[in-house]
Ligand code: UDP
Ligand code: UDP
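In this note's numbering, the protein residues as written are 3 to 303.
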């Protein structure tokens, strides 16, 4: 998502300092930007202080796929919490507007459906997903306390599942897993019964939402849900992917991960009202683009 945001901001005429520790990001995704004089890359881990001069900050730092964020859970919490503290400290010193990519995981395994921003969520504080969920929740707390205590100009959005080109083939998330499995004609791994639901937003729509949120009037802090309200079961997703790829893969059923949310769908009325934002790419079109990207990527492996 960061590389797509860089592309968009450069296109809009901005000067970009891209900061990444490459824990899950790939340099290939920004390799086309190195010759651009308005693009600068810094290898840095946001859990350490960062002294640079900028006008605006977008914080997207944190592994987001369950298999990645659970590999080193202590580091995941540190990335969200210490990362937020350092970047908020930076924003405070610079009096810079700061954006936080929060997550629908703050709603946990929700009992309210679809999820509006006013819902406080149902989150397990001590489970395997907690490093991500509680880390992101604590980051939101820090953003709002810096806003109240130091008058910081904050913009908080909550992302629902997002997909598209430049995802890592071993990302472990459902869209990339299913597409890679379908292209390779190997078993499609359905966790649990496959009846759990998610809402999938195409990356270009998401980036548009980021930029619109960053452009809102001072004092409008969010949090604002960003996601595509189309809701699909994992079985429906598998069927779509199999058809698009023309794959011979069979479905296999594996155990459901602990605390896997049963349903998830954003209420995006606030984004519609305040950002005049609506996703424009439906799942079939977005999947087509993503399949095309993975076909090219896997052909060169
Ligand atoms: N910080 C940073 N860059 C800056 C300013 C601050 O990385 O330009 C970090 C620094 O590690 C600090 C944290 O942000 O501890 C929080 O800063 P703040 O000014 O809120 O707190 P304080 O320095 O008083 O602890
Ligand atoms: N999932 C699946 N097969 C996979 C990967 C994921 O059935 O190979 C399921 C997973 O159990 C969850 C949903 O797909 O219910 C979305 O998982 P993902 O890891 O993409 O994101 P999450 O929304 O859980 O963070």
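Using N, Cα and C, we set each Cβ at its ideal position, and we do this for glycine too. Quick caveat, the model's predicted, so the values are computed rather than measured.
| Query | Result |
| --- | --- |
| Bridge partners - residue 61, DSSP secondary structure assignment | 102 |
| Paired residues, beta bridge with residue 231 - DSSP | DSSP output for residue 231 lists no bridge partner at all. |
| Touch test, the region 203 to 215 against the region 64 to 72, Cβ-Cβ under 8 Å, three pairs minimum | no |
| Residue from 7, 51, 107 with nearest C-alpha to residue 129 | 107 |
| The region 222 to 238 in contact with the region 256 to 276 per 3-pair CB rule at 8 Å | yes |
| Segment contact flag, the region 218 to 226 with the region 13 to 21, C-beta cutoff 8 Å, min 3 pairs | no |
| Span of the beta strand (DSSP E), counted from its first residue to its last, around residue 157 | 156 to 161 |
| Residue 18 in three-state terms, based on DSSP | strand |
| Same chain, Cβ closer than 7 Å to residue 299, five either side skipped, listed in chain order | 171 |
| Cβ neighbour criterion (16 or more within 10 Å) applied to residue 34 | exposed |
| Identified DSSP bridge partners for residue 41 | 18 |
| Any non-hydrogen atom of ligand 2 within 7 Å of residue 72 CB | no |
| Beta-ladder partner(s) of residue 268, from DSSP | 117 |
| Exposure of residue 275, with buried meaning 16 or more beta-carbon neighbours within 10 Å | exposed |
| Spatial distance of residue 3 from residue 36 (CA atoms) | 17 Å |
| Completely contained alpha helix (DSSP H) runs for the region 49 to 98, where each covers 4 or more residues | 68 to 71, 75 to 96 |
| As assigned by DSSP and simplified to three states, the class of residue 255 | strand |
| CB contact flag (residue 251, residue 173, <8 Å) | no |
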